[in-house]
Amino acid sequence: MIPAPLHPREDARLQALADAELLDTPPEAMFDDIVHLASYICGTPIALISLVDRERQWFKARTGIDGHESTRDVAFCAHAILDNGLFEVEDAHTDPRFADNPFVTGAPFVRFYAGVPLTVGDDALPIGTLCALDRRPRRLTPEQTEAMQALARQVVRNIEVRKAALRTKALNDELQRAAAALSTSEARLQALLAANPDGMVRVARDGTVLDRKLSRDRAILPDAQHMIGQNVADCFPPRLARLFLQQLERALASDVVQTLELQETVDGRACDKELRIVASGPHEALALIRDVTERKLGERAKDAFVATVSHELRTPLTSIRGSLSLLEHGMVGPLPEEALEMVRISRTNAERLLLVINDILDLEKSSAGQIDLSLRPVDPPRVLASAAESIRGMAAQAGVEVVVGEFPAGAPVLADEARVVQILNNLLSNAIKFSPRGSRVDLSFETGSCGRLRFCVTDRGPGIAREHHARVFERFHQLDASDSRKRGGTGLGLAIVKSLVEEHGGVVGLDSAPGQGSKFWFELPCCRGGGERP
Numbered sequence: 001m002i003p004a005p006l007h008p009r010e011d012a013r014l015q016a017l018a019d020a021e022l023l024d025t026p027p028e029a030m031f032d033d034i035v036h037l038a039s040y041i042c043g044t045p046i047a048l049i050s051l052v053d054r055e056r057q058w059f060k061a062r063t064g065i066d067g068h069e070s071t072r073d074v075a076f077c078a079h080a081i082l083d084n085g086l087f088e089v090e091d092a093h094t095d096p097r098f099a100d101n102p103f104v105t106g107a108p109f110v111r112f113y114a115g116v117p118l119t120v121g122d123d124a125l126p127i128g129t130l131c132a133l134d135r136r137p138r139r140l141t142p143e144q145t146e147a148m149q150a151l152a153r154q155v156v157r158n159i160e161v162r163k164a165a166l167r168t169k170a171l172n173d174e175l176q177r178a179a180a181a182l183s184t185s186e187a188r189l190q191a192l193l194a195a196n197p198d199g200m201v202r203v204a205r206d207g208t209v210l211d212r213k214l215s216r217d218r219a220i221l222p223d224a225q226h227m228i229g230q231n232v233a234d235c236f237p238p239r240l241a242r243l244f245l246q247q248l249e250r251a252l253a254s255d256v257v258q259t260l261e262l263q264e265t266v267d268g269r270a271c272d273k274e275l276r277i278v279a280s281g282p283h284e285a286l287a288l289i290r291d292v293t294e295r296k297l298g299e300r301a302k303d304a305f306v307a308t309v310s311h312e313l314r315t316p317l318t319s320i321r322g323s324l325s326l327l328e329h330g331m332v333g334p335l336p337e338e339a340l341e342m343v344r345i346s347r348t349n350a351e352r353l354l355l356v357i358n359d360i361l362d363l364e365k366s367s368a369g370q371i372d373l374s375l376r377p378v379d380p381p382r383v384l385a386s387a388a389e390s391i392r393g394m395a396a397q398a399g400v401e402v403v404v405g406e407f408p409a410g411a412p413v414l415a416d417e418a419r420v421v422q423i424l425n426n427l428l429s430n431a432i433k434f435s436p437r438g439s440r441v442d443l444s445f446e447t448g449s450c451g452r453l454r455f456c457v458t459d460r461g462p463g464i465a466r467e468h469h470a471r472v473f474e475r476f477h478q479l480d481a482s483d484s485r486k487r488g489g490t491g492l493g494l495a496i497v498k499s500l501v502e503e504h505g506g507v508v509g510l511d512s513a514p515g516q517g518s519k520f521w522f523e524l525p526c527c528r529g530g531g532e533r534p
C-alpha cells in the first residue's frame, strides 16, 4: 500500500475544509439524496461524499457502508483529491497503491473506485470527493463519468448554499440580539427622558426643528407639539430665537457645549430659562431647555445682598483709601520708613478691595438689566488704540509689548464706546498678567459671523485646556487657586466681559490649548444704514 502524498497547498486546503463547516455535522437530505443518485447511476453498492481531513476521511453522506470515517492513510479519496478530474481505479487488486489496503483485503472488499474532487472557493481547493465503490472490477461509461462530474458540481453548490444559509442564520441571530439590546436601550432612554423635566429640541444647522421632547412645565417649551419641521425663528420669541441661532452656530463650529440664560414672560409670569446646546452630529445639535426660575430667584437674592453690602462698604473704603493716600504722600507730615511701608501696603489692599467691590456692582447691574448702553457707531481702530494706550503702563511694568493690528475696511460697530474700552481693558489686563516678560500681546480684528466684527486679544501665555474654556467666563473662576495671589485679580473680569458683550447682542469665546497661548475674542454687530442695530 502506498499512502497518498499531501496536497501541494495542504494548509490552504484544510482551511477551506474548516470554512465549509461540514465536518462532524448531522446527515442532511441535500447530500444524502446525491449519494443515492450516484449509486444508482453508476450501479455500485457504495457511494460516499468523503471529506479529507488532516488525519482522517469523514463521510458527510454515505450509502452501502456503515462506518462514519477512516484514517487518511488508507483513503482512496486522499489520492483522488490530487487529480483535477475523475480518479478511477478499475481493479484495486492489481494496483500497487491499493493491493494490500485493508479496505481491499477486508470489508468492504473494494475492487473498483471512481471519485470526483469537490473543489470550493476561488482557488478551487479540493476538500473531498463524491465517489462510487464496487466489490468487482469495472469501468464507468462516458455517460456515467459525465453524470458523476455533474453530481459533484451539485455537491459543491449545495455546500455553498448551506454555508450562505448558515451565515444568514448567524446574521439574523445577531440582528435579533442587536434588536433586543436596542429595544432595551431605547426603553432605558425613554425612561430617562420621561424622568427628565427639561424640554429638548433637536435642530438642523439652519434652525429647522427635527424632533422635540415636551417638558413637564409648559413655560419651558411652549407649543412644542407644533414645532417639528418649523424653524426656531418661527417657534420662539424673537430675542430667544436670535440668541438660540447664535449659540447653535457656535456649538456646531466649536463642538463645545454652549450655555445661554435669559428671561421670558410666559402666561404673565417671569420665567428664567437655561439653554444648553451641544452638537449631536456634523449638521445638527441638541438643545436642553430648563426652567431655572427658582435658582435664579435665589441667586438674585444673594446678588442683592452682596450688592447692598458692597454699596455700604464702598463709601467708607473710598474714604480709607483717600486717607491712606494722604498719609503716604506726607500731607500730615513725614512718616518713619517702616510706618510708610505699612501705609503703602494698606492703601494697595484698599484699592484691591475697591476693585472687587466695583466689579461685583457691575455684575449686579448687568444681572438686573440696569446697565444703560449708549449705542452709536464706533470706529474700531480708535477704540483699540484707546484701550492699548490706557493699558500701556501696566504692560511696560510687566515687560510685555501691546501691538495693535491693521483694521480691514468695513463698517463701524454699533456699541457703547466706553463699555467696549472696558471689555478690551479687562481682556488686555488678563493677557498681560499671564504673558511672560519680553513677549507681546496682539490686538487684532477678524470677520465675525452673522454680520459682526470680531475683536481678538492674543497672548503667548501658558494656554488653557479645552475642558476649562466654558468655565473661564464664570464668576470668581480661576484655573489655579494660587493665581489671585501670584498675579492679582478678582476672578470677575472675564465674567464682566461676557456680560457686557451679551448686552450688546454679541458673543464671546476663547481659542486656546496648553503651551500655545490664548486668543480671547468677542463679536459686536456692525452698523447698518443709519447706524441701527441689526
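Per the working numbering, the sequence shown runs over residues 1 to 534.
Backbone N, C-alpha and C fix where the C-beta goes; we use that ideal spot for every residue, glycine too.
Note that the coordinates shown come from a computational prediction; the quantities given were computed from them, not determined experimentally.
Legend entry - Arg471 in three-state terms, based on DSSP: If DSSP states are grouped into helix, strand and coil, Arg471 belongs with the helices.
Inset, instruction - Under 7 angstroms Cβ to Cβ from Ala147, same chain only, skipping five residues before and after it: list those, please. - result: Sequence-distant partners of Ala147 (beyond 5 residues in either direction) whose C-beta falls short of 7 angstroms from its own C-beta, in its chain, are Ile41.
Legend entry - DSSP-derived helix/strand/coil call for Thr348: When DSSP states are grouped into helix, strand and coil, Thr348 belongs to the helix group.
Legend entry - 9 angstroms Cβ cutoff met for Pro614 and Leu133: No answer is possible for residue 614: the residues shown for the chain start at 1 and end at 534.
Legend entry - Three-state class that DSSP yields for Gln247 in the structure shown: In this structure, Gln247 counts as helix in the three-state DSSP scheme.
Inset, instruction - Please report how far the alpha carbon of Ser346 lies from the alpha carbon of Met331, in whole angstroms. - result: Whole-angstrom Cα-Cα distance: 17 angstroms.
Legend entry - Ala164 - DSSP class collapsed to helix/strand/coil: Of the three classes helix, strand and coil, the one that applies to Ala164 here is helix, per DSSP.
Inset, instruction - Would you give the residue range spanned by the beta strand (DSSP E) that Arg276 belongs to? - result: First-last of the beta strand (DSSP E) with Arg276: 269-281.
Inset, instruction - List the residues that DSSP assigns as beta-bridge partners of Glu523. - result: Glu523 is bridged to Arg454, Val507.
Legend entry - Under 9 angstroms between C-beta atoms of Pro108 and Arg136: No, they are not a contact pair.
Legend entry - Test item: CB-CB of Thr458 and Ala431 under 9 angstroms: With respect to the 9 angstroms criterion, Thr458 and Ala431 are classified as neighbours on the basis of their beta carbons.
Inset, instruction - Answer yes or no: do Thr63 and Leu48 have a C-beta to C-beta separation smaller than 9 angstroms? - result: Against a cut-off of 9 angstroms, the Cβ pair of Leu48 and Thr63 comes out as a contact.
Legend entry - Exposure of Pro380, with buried meaning 16 or more beta-carbon neighbours within 10 Å: Per the 10 Å Cβ criterion, buried.
Legend entry - Reduced DSSP category for Met200 - H, G, I as helix; E, B as strand; rest coil: Here Met200 carries a strand assignment [DSSP, helix/strand/coil].
Inset, instruction - Starting from the Cα of Val508, find the closest Cα among Leu424, Glu294, Gly517 and give me that residue. - result: Of the candidates Leu424, Glu294, Gly517, the residue whose Cα lies closest to the Cα of Val508 is Leu424.
Inset, instruction - Flag this pair as touching only if the stretch 13-21 and the stretch 111-129 have three or more C-beta atom pairs under 8 angstroms; answer yes or no. - result: Result yes; three or more Cβ-Cβ pairs closer than 8 angstroms.
Inset, instruction - For my contact list, Cys77 and Val52 are in at a C-beta cut-off of 8 angstroms; report their separation, rounded to the angstrom. - result: Confirmed, Cβ separation roughly 6 angstroms.
Legend entry - Simplified DSSP state of Gln422, which is helix, strand or coil: In the structure shown, the three-state DSSP call for Gln422 is helix.
Inset, instruction - Measure from the alpha carbon of Ser512 to the alpha carbon of each residue in Ser374, His79, Ser439, Ser254, then state which is nearest. - result: For Ser512, the nearest C-alpha among the options comes from Ser254.
Legend entry - Beta-ladder partner(s) of Ser183, from DSSP: None; Ser183 has no bridge partner.
Inset, instruction - Excluding the 5 residues preceding and the 5 following Asp11 in the sequence, name in chain order all residues of the same chain whose CB lies nearer than 7 angstroms to its CB. - result: In the same chain as Asp11, and ignoring 5 residues on each side of it, no C-beta atom comes closer than 7 angstroms to its own.
Inset, instruction - Would you mind working out which of Leu453, Ala114, Asp122 sits nearest Val420, comparing C-alpha positions? - result: With distances taken between Cα atoms, Val420 lies closest to Leu453.
Inset, instruction - Check whether the Cβ atoms of Leu288 and Met227 lie closer than 9 angstroms to each other. - result: With a cutoff of 9 angstroms on beta-carbon distance, Leu288 and Met227 are scored as not near each other.
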